[in-house]
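Remarks on the structure that follows.
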Amino acid sequence: VAWFVSHCNTQSKREAYAAELGKYIPVDIWGRCGNFSCGNKYQRGDCDKEILNKDYKFYLSFENSICEGYVTEKLWRLIMQPITSIPITLGGVAYHNILPERTFLDIKDFSSPKALADHLKEIDREDAQFNEIIRRKNSL
(Lines of atoms letter the chains of each structure in order from A and count residues from 1; the text may use other names and numbers.)
(Lines give C-alpha, C1' and ligand atoms only; values in the text may rest on other atoms or scores of the structure.)
Protein backbone atom coordinates (compact mmCIF):
# COMPACT_ATOMS: atom_id res chain seq x y z
CA VAL A 1 0.00 0.00 0.00
CA ALA A 2 1.34 3.43 -0.92
CA TRP A 3 0.29 6.86 0.26
CA PHE A 4 1.59 10.18 -1.10
CA VAL A 5 0.82 12.83 1.49
CA SER A 6 2.03 16.28 2.52
CA HIS A 7 -0.58 17.33 5.13
CA CYS A 8 0.25 15.26 8.19
CA ASN A 9 -2.42 16.24 10.73
CA THR A 10 -5.89 16.47 9.25
CA GLN A 11 -9.51 17.00 10.19
CA SER A 12 -10.37 13.62 8.68
CA LYS A 13 -7.84 11.84 10.95
CA ARG A 14 -6.71 9.90 7.90
CA GLU A 15 -3.24 9.59 9.40
CA ALA A 16 -4.67 7.58 12.32
CA TYR A 17 -6.49 5.22 9.94
CA ALA A 18 -3.33 4.74 7.87
CA ALA A 19 -1.30 4.04 11.03
CA GLU A 20 -3.82 1.44 12.18
CA LEU A 21 -3.93 -0.14 8.71
CA GLY A 22 -0.12 -0.28 8.81
CA LYS A 23 -0.31 -2.64 11.78
CA TYR A 24 -1.80 -5.32 9.49
CA ILE A 25 -0.28 -4.64 6.08
CA PRO A 26 2.75 -2.56 5.01
CA VAL A 27 1.84 1.06 4.21
CA ASP A 28 4.64 3.11 2.62
CA ILE A 29 4.15 6.83 3.17
CA TRP A 30 5.72 9.08 0.56
CA GLY A 31 6.27 12.81 0.93
CA ARG A 32 6.47 15.23 3.82
CA CYS A 33 4.65 12.91 6.24
CA GLY A 34 6.55 9.71 5.57
CA ASN A 35 9.89 8.03 5.21
CA PHE A 36 9.96 7.89 1.40
CA SER A 37 10.82 10.69 -1.02
CA CYS A 38 10.90 10.98 -4.78
CA GLY A 39 14.02 13.12 -4.72
CA ASN A 40 15.12 14.55 -8.06
CA LYS A 41 14.67 11.36 -10.08
CA TYR A 42 11.19 12.21 -11.44
CA GLN A 43 9.55 15.12 -13.20
CA ARG A 44 7.12 16.94 -10.93
CA GLY A 45 3.83 15.02 -10.90
CA ASP A 46 5.31 11.82 -12.35
CA CYS A 47 6.76 10.35 -9.18
CA ASP A 48 3.53 8.85 -7.88
CA LYS A 49 2.53 7.41 -11.26
CA GLU A 50 5.90 5.76 -11.87
CA ILE A 51 6.20 4.39 -8.35
CA LEU A 52 2.61 3.14 -8.21
CA ASN A 53 2.90 1.33 -11.53
CA LYS A 54 6.17 -0.27 -10.51
CA ASP A 55 5.79 -1.18 -6.84
CA TYR A 56 2.26 -0.94 -5.41
CA LYS A 57 -1.09 -2.63 -5.88
CA PHE A 58 -3.02 -0.23 -3.62
CA TYR A 59 -3.08 3.53 -3.05
CA LEU A 60 -4.64 5.45 -0.15
CA SER A 61 -6.71 8.22 -1.71
CA PHE A 62 -7.70 9.83 1.60
CA GLU A 63 -9.20 13.31 1.92
CA ASN A 64 -7.75 15.96 4.26
CA SER A 65 -11.27 16.87 5.38
CA ILE A 66 -14.59 15.10 5.28
CA CYS A 67 -16.54 17.46 3.02
CA GLU A 68 -19.74 16.54 1.23
CA GLY A 69 -19.25 16.66 -2.53
CA TYR A 70 -15.45 17.06 -2.56
CA VAL A 71 -13.18 14.46 -4.14
CA THR A 72 -9.40 14.80 -4.16
CA GLU A 73 -7.67 15.24 -7.51
CA LYS A 74 -5.41 12.32 -6.59
CA LEU A 75 -8.36 9.95 -6.84
CA TRP A 76 -9.35 11.30 -10.28
CA ARG A 77 -5.77 11.00 -11.53
CA LEU A 78 -5.64 7.41 -10.35
CA ILE A 79 -9.01 6.58 -11.91
CA MET A 80 -8.46 8.39 -15.22
CA GLN A 81 -4.89 7.27 -15.94
CA PRO A 82 -3.69 3.75 -16.70
CA ILE A 83 -2.16 3.26 -13.26
CA THR A 84 -1.97 -0.29 -11.95
CA SER A 85 -2.94 0.52 -8.36
CA ILE A 86 -6.37 0.23 -6.81
CA PRO A 87 -7.53 3.41 -5.04
CA ILE A 88 -8.74 3.13 -1.44
CA THR A 89 -11.02 6.02 -0.50
CA LEU A 90 -11.79 7.91 2.70
CA GLY A 91 -13.98 10.97 2.43
CA GLY A 92 -17.40 12.53 2.69
CA VAL A 93 -18.59 11.49 -0.76
CA ALA A 94 -20.74 8.50 -1.63
CA TYR A 95 -18.06 7.13 -3.95
CA HIS A 96 -20.38 4.33 -5.09
CA ASN A 97 -22.57 7.03 -6.67
CA ILE A 98 -19.78 8.59 -8.75
CA LEU A 99 -17.40 5.73 -9.60
CA PRO A 100 -18.12 2.46 -11.37
CA GLU A 101 -18.49 -0.64 -9.24
CA ARG A 102 -15.29 -2.61 -8.56
CA THR A 103 -12.91 0.16 -9.62
CA PHE A 104 -11.97 1.24 -6.05
CA LEU A 105 -12.27 0.25 -2.40
CA ASP A 106 -14.04 2.47 0.16
CA ILE A 107 -13.02 2.15 3.81
CA LYS A 108 -16.71 2.60 4.71
CA ASP A 109 -17.30 -0.90 3.32
CA PHE A 110 -15.02 -2.45 5.96
CA SER A 111 -15.64 -2.77 9.69
CA SER A 112 -12.06 -1.88 10.62
CA PRO A 113 -8.59 -1.24 9.20
CA LYS A 114 -7.82 -4.90 9.95
CA ALA A 115 -10.83 -6.03 7.87
CA LEU A 116 -9.61 -3.83 5.01
CA ALA A 117 -6.07 -5.22 5.34
CA ASP A 118 -7.42 -8.77 5.22
CA HIS A 119 -9.32 -7.92 2.02
CA LEU A 120 -6.23 -6.31 0.47
CA LYS A 121 -4.21 -9.44 1.24
CA GLU A 122 -6.89 -11.54 -0.45
CA ILE A 123 -6.81 -9.37 -3.57
CA ASP A 124 -3.01 -9.49 -3.52
CA ARG A 125 -3.08 -13.30 -3.52
CA GLU A 126 -5.75 -13.56 -6.23
CA ASP A 127 -4.22 -12.26 -9.46
CA ALA A 128 -7.48 -12.69 -11.39
CA GLN A 129 -9.39 -10.52 -8.89
CA PHE A 130 -6.70 -7.82 -8.88
CA ASN A 131 -6.42 -7.82 -12.68
CA GLU A 132 -10.19 -7.54 -13.10
CA ILE A 133 -10.36 -4.47 -10.85
CA ILE A 134 -7.47 -2.84 -12.73
CA ARG A 135 -9.02 -3.73 -16.10
CA ARG A 136 -12.34 -2.16 -15.07
CA LYS A 137 -10.64 0.94 -13.66
CA ASN A 138 -8.39 1.46 -16.66
CA SER A 139 -11.21 0.98 -19.17
CA LEU A 140 -13.01 4.13 -18.03
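Going by the numbering used here, the sequence shown opens with residue -5, and the numbers climb by one from there.
Built from N, CA and C at the ideal position, the CB exists for glycine as well.
The straight-line gap separating the alpha-carbon atoms of histidine 1 and isoleucine 60 is approximately 14 Å.
The continuous stretches of alpha helix (DSSP H) do not include tyrosine 50, and DSSP gives it neither H nor E.
Comparing alpha-carbon positions, the option among Thr78, Pro107, Ile127, Gly28 lying closest to leucine 93 turns out to be Ile127. Between the C-alpha atoms of asparagine 29 and alanine 12 there is a straight-line separation of about 14 Å. Excluding residues up to 5 positions away in sequence, Val(-5), Ala(-4), Asp22, Ser79 lie with their Cβ nearer than 8 Å to the Cβ of tyrosine 50 in the same chain.
With contacts defined by Cβ atoms closer than 9 Å, tryptophan 24 and phenylalanine -2 form a contacting pair. Counting only unbroken stretches of 4 or more residues, the alpha helix (DSSP H) elements lying wholly within the region 62 to 115 are 67 to 74, 89 to 92, in sequence order.
Across the structure, leucine 110 and glutamate 67 are spaced so that their CA atoms are roughly 23 Å apart. With a minimum length of 4 residues, the unbroken runs of alpha helix (DSSP H) contained wholly in the region 1 to 28 fall at 8 to 15. The beta carbon of glycine 86 sits closer than 6 Å to the beta carbons of Ile60, Cys61, Glu62 from its chain, once the five residues preceding and following it are set aside; these are given in chain order.
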